[in-house]
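Following my numbering, the numbering of the sequence shown begins with 446 at its first residue and continues without gaps.
Built from N, CA and C at the ideal position, the CB exists for glycine as well.
Worksheet: the structure to be examined is printed underneath.
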Amino acid sequence: MNIIICGAGMVGFSISKQLQAQGHSVTVIDQSSEDIKKINDTQDVKGIVGRATLPSVLENAGAKDAAMIIAVTRNDETNMIVCQLASSLFNISKKIARIRSQEFLEGKWSKLYNKSNIPIDVIISPEREVAKSLYRKLEAPGALDNVPFVKDKVKLLEIYIEKGCPIANIPLKDLTKKFPEFKAHIFGAERKESFVFFKKNDQIKIGDKVYVVVSTDQINKLLSVFGHEEKLAKKILIIGGGNIGLHLAKLLETVEGLRIKIIEKNKARAEQIASELSSAIVICGDALDEKILKEANIEEVETVFALTSDDEDNVMACVLAEKYGGPSKRTIAIVNKQNYSLLQESLKIDDLVDPRMTTVSKIMKHVHMGTIDTVYSLLDGQYEFLEAKILESSELINKSIKDSNLPEEVRIGAIVRKNKVIMPKSSVVFEKDDVVVFLSKRDQLKEIENLFRISS
Numbered sequence: 446m447n448i449i450i451c452g453a454g455m456v457g458f459s460i461s462k463q464l465q466a467q468g469h470s471v472t473v474i475d476q477s478s479e480d481i482k483k484i485n486d487t488q489d490v491k492g493i494v495g496r497a498t499l500p501s502v503l504e505n506a507g508a509k510d511a512a513m514i515i516a517v518t519r520n521d522e523t524n525m526i527v528c529q530l531a532s533s534l535f536n537i538s539k540k541i542a543r544i545r546s547q548e549f550l551e552g553k554w555s556k557l558y559n560k561s562n563i564p565i566d567v568i569i570s571p572e573r574e575v576a577k578s579l580y581r582k583l584e585a586p587g588a589l590d591n592v593p594f595v596k597d598k599v600k601l602l603e604i605y606i607e608k609g610c611p612i613a614n615i616p617l618k619d620l621t622k623k624f625p626e627f628k629a630h631i632f633g634a635e636r637k638e639s640f641v642f643f644k645k646n647d648q649i650k651i652g653d654k655v656y657v658v659v660s661t662d663q664i665n666k667l668l669s670v671f672g673h674e675e676k677l678a679k680k681i682l683i684i685g686g687g688n689i690g691l692h693l694a695k696l697l698e699t700v701e702g703l704r705i706k707i708i709e710k711n712k713a714r715a716e717q718i719a720s721e722l723s724s725a726i727v728i729c730g731d732a733l734d735e736k737i738l739k740e741a742n743i744e745e746v747e748t749v750f751a752l753t754s755d756d757e758d759n760v761m762a763c764v765l766a767e768k769y770g771g772p773s774k775r776t777i778a779i780v781n782k783q784n785y786s787l788l789q790e791s792l793k794i795d796d797l798v799d800p801r802m803t804t805v806s807k808i809m810k811h812v813h814m815g816t817i818d819t820v821y822s823l824l825d826g827q828y829e830f831l832e833a834k835i836l837e838s839s840e841l842i843n844k845s846i847k848d849s850n851l852p853e854e855v856r857i858g859a860i861v862r863k864n865k866v867i868m869p870k871s872s873v874v875f876e877k878d879d880v881v882v883f884l885s886k887r888d889q890l891k892e893i894e895n896l897f898r899i900s901s
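Structural data, given as structure tokens:
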């Protein structure tokens with residue numbers, strides 16, 4: 446597929462990297478010669494320095510033959526104009542735009558995006574998507590991440606293996622015998638910055654980040670097996686009242702019994718978000734100030750979200766929350782620089798969230814062919830968790846898993862058939878309309894699309 450990406454920032458860079466690895470023909474446009482040089486030097490894509498809002502630049506990028514355009518520049522208006530030109534002048538069939546300003550997304554203006562007005566097929570709001578992902582983290586205390594698949598029938602959990610984990614160093618085959626009632630499948634683990642697919646004789650190790658697919662109704666039981674007995678947090682502190690913090694607070698206000706506080710440094714912004722929230726308490730001040738943290742009753746807070754636009758402030762806020770509030774609280778920080786992950790353990794921060802990958806995962810969902818739905822990217826997109834519906838034309842129909850000739854680095858986590866969750870034993874036979882949750886290495890997705898006949 447010929448795809449044009451407008452914007453060579455962190456998100457554009459990551460998307461182009463994934464798409465070219467999957468065999469797509471990718472062209473990237475950006476006004477920054479430095480960003481384009483970086484892409485040209487590291488990826489097998491065509492980079493063009495220029496303004497994506499100029500028809501001549503789009504034409505030079507191959508817009509006449511493009512099947513999709515992804516507008517992720519730093520400017521909302523530019524992204525909207527790009528999609529308008531892509532539709533009006535070049536008839537590009539799929540147009541995806543990143544829109545940050547909430548004024549473009551709320552109220553009566555949210556109806557602007559259609560063929561009669563601004564022809565954008567998919568709008569990605571990074572702040573809203575990140576807020577949703579943070580909210581989901583609270584739903585599964587003890588898990589680093591919690592991603593719904595197949596209309597919430599199953600969940601993908603990311604679990605960090607700490608010292609004292611009761612199932613560490615036990616072969617997987619023994620765990621299966623010990624807990625036969627569980628509808629859960631352990632894919633593998635992120636170990637020393639690479640992914641390890643588990644086989645039946647493999648063991649979970651201390652320090653692993655394990656990925657498990659589990660039937661939604663068994664989440665709490667599963668976390669208990671991993672040694673996590675934490676309760677749902679009721680007292681929550683949000684540091685940073687930007688769009689992410691505000692959206693998260695609004696989501697949290699829908700849950701009965703939560704006590705939410707927000708620390709925002711800017712007085713005007715603090716007053717604005719206070720007017721938009723019904724029960725959350727907004728404190729105007731610097732979260733790096735011990736007095737402000739004490740005013741927020743940091744010693745009583747159970748979960749801290751550090752969501753400012755400054756990575757260093759977010760990291761320091763979590764460190765101070767740990768210092769003044771005690772080690773029992775959970776700390777979660779947004780960071781855009783990947784090198785902070787190397788310091789996570791020494792700084793005792795429970796979770797570092799890369800908002801870029803949340804946006805990339807959401808966009809990649811709409812890039813894949815046909816019946817693929819949820820997409821969750823892992824290790825900078827080297828691997829993807831996906832769900833796909835098996836069509837009548839798929840060669841998998843009436844074949845068992847053991848006879849399906851799946852590529853080596855593809856693992857099935859669960860099958861949902863008529864609302865029933867089925868664990869992937871080798872004897873299970875695929876049927877039409879099964880929805881399959883699986884993990885695939887990036888460079889094998891094309892083969893998977895052909896095998897599933899995902900494109901109808």
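Could you please give the first and the last residue of the uninterrupted alpha helix (DSSP H) stretch that includes residue i?
{"i": "K553", "result": "Premise fails: K553 is in no alpha helix (DSSP H) and is neither H nor E."}
{"i": "E635", "result": "Per DSSP, E635 belongs to no alpha helix (DSSP H); it is in the beta strand (DSSP E), 629 to 636."}
{"i": "S478", "result": "478 to 487"}
{"i": "C763", "result": "756 to 770"}
{"i": "E522", "result": "521 to 533"}
Does DSSP put residue i in a helix, in a strand, or in coil?
{"i": "F643", "result": "coil"}
{"i": "R862", "result": "strand"}
{"i": "D734", "result": "coil"}
{"i": "S901", "result": "Low local confidence applies: a pLDDT of 43 at S901 is under 50, so the model's placement there is unreliable, with the coordinate-based value given in what follows. DSSP places S901 in coil when its eight states are reduced to three."}
{"i": "M455", "result": "helix"}
{"i": "V873", "result": "coil"}
{"i": "N895", "result": "helix"}
{"i": "P625", "result": "coil"}
{"i": "I842", "result": "coil"}
{"i": "Q663", "result": "helix"}
{"i": "K710", "result": "coil"}
{"i": "I743", "result": "coil"}
{"i": "Q467", "result": "coil"}
{"i": "P564", "result": "coil"}
{"i": "Q689", "result": "The displayed chain sequence assigns Ile, not Gln, to residue 689. Correct three-state label for I689: helix."}
{"i": "P571", "result": "helix"}
{"i": "I726", "result": "strand"}
What is the residue span of the beta strand (DSSP E) that residue i lies within?
{"i": "Y558", "result": "Premise fails: Y558 is in no beta strand (DSSP E) and is neither H nor E."}
{"i": "G492", "result": "491 to 494"}
{"i": "E885", "result": "For the record, residue 885 in the displayed sequence is Ser; it is not Glu. Segment 880 to 886, the beta strand (DSSP E) holding S885."}
{"i": "V409", "result": "Given that the chain is displayed from residue 446 to residue 901, the structure contains no residue 409 and the question cannot be resolved."}
{"i": "A751", "result": "748 to 751"}
{"i": "L602", "result": "599 to 605"}
{"i": "S684", "result": "Before going on, a small fix: residue 684 reads as Ile here, not Ser. Taken as a continuous stretch (DSSP letters only), the beta strand (DSSP E) holding I684 covers 680 to 684."}
{"i": "V655", "result": "654 to 660"}
{"i": "M513", "result": "513 to 516"}
{"i": "K539", "result": "539 to 543"}
Going by CA-CA distance only, name the one from the options that's closest to residue i.
{"i": "F458", "options": "T699, M802, I606, D521", "result": "M802"}
{"i": "L836", "options": "I449, H469, N895", "result": "N895"}
{"i": "S871", "options": "Q889, L851, D888, S885", "result": "L851"}
{"i": "T487", "options": "Q463, G495, K509", "result": "Q463"}
{"i": "M525", "options": "A506, S546, N505, K553", "result": "S546"}
{"i": "A588", "options": "A762, D796, Q648", "result": "D796"}
{"i": "S791", "options": "C763, S806, P800, N781", "result": "C763"}
{"i": "G730", "options": "R543, R714, S723, E709", "result": "E709"}
{"i": "A751", "options": "I794, A719, R636, Q717", "result": "I794"}
{"i": "H811", "options": "V527, K540, N485", "result": "K540"}
{"i": "K886", "options": "K877, V456, P586, Q467", "result": "Q467"}
{"i": "V760", "options": "E747, K774, V780", "result": "V780"}
{"i": "M455", "options": "D799, K645, V866", "result": "D799"}
**OP:** May I ask you to verify whether the region 697 to 709 touches the region 786 to 806, counting CB pairs closer than 8 Å and requiring at least 3?
**Re:** no
Subject >> Whole runs of the beta strand (DSSP E) within the region 806 to 838, excluding any shorter than 3 residues >> reply: 817 to 823, 828 to 834
Original post:
Any chance the region 674 to 684 sits against the region 608 to 620, with 3 or more Cβ pairs inside 8 Å?
Top reply: no
**OP:** Quick one: which unbroken alpha helix (DSSP H) runs of 4-plus residues sit fully inside the region 778 to 806? Chain order, please.
**Re:** 789 to 792
**OP:** Count the C-beta pairs between the region 499 to 511 and the region 524 to 536 that are closer than 8 Å, then say yes if the count reaches three, no if not.
**Re:** yes
Original post:
Okay, do the region 762 to 774 and the region 736 to 750 touch, 3+ Cβ pairs below 8 Å being the bar?
Top reply: When C-beta atoms of the region 762 to 774 are compared with those of the region 736 to 750, three or more pairs fall below 8 Å, so the two segments count as touching.
Original post:
Is there contact between the region 587 to 600 and the region 548 to 565, where contact requires at least three CB pairs shorter than 8 Å?
Top reply: no
**OP:** Flag this pair as touching only if the region 651 to 661 and the region 503 to 518 have three or more C-beta atom pairs under 8 Å; answer yes or no.
**Re:** no
Original post:
Given 8 Å as the limit, is there contact between the region 843 to 859 and the region 685 to 699, that is, 3 or more CB pairs closer than that?
Top reply: Remark: fewer than three beta-carbon pairs, one from each stretch, lie closer than 8 Å, so the region 843 to 859 and the region 685 to 699 are not flagged as touching.
Original post:
Just checking, does the region 626 to 646 make contact with the region 838 to 850 on the three C-beta pairs under 8 Å criterion?
Top reply: Contact between the region 626 to 646 and the region 838 to 850 is absent: fewer than three C-beta pairs spanning the two stretches fall below 8 Å.
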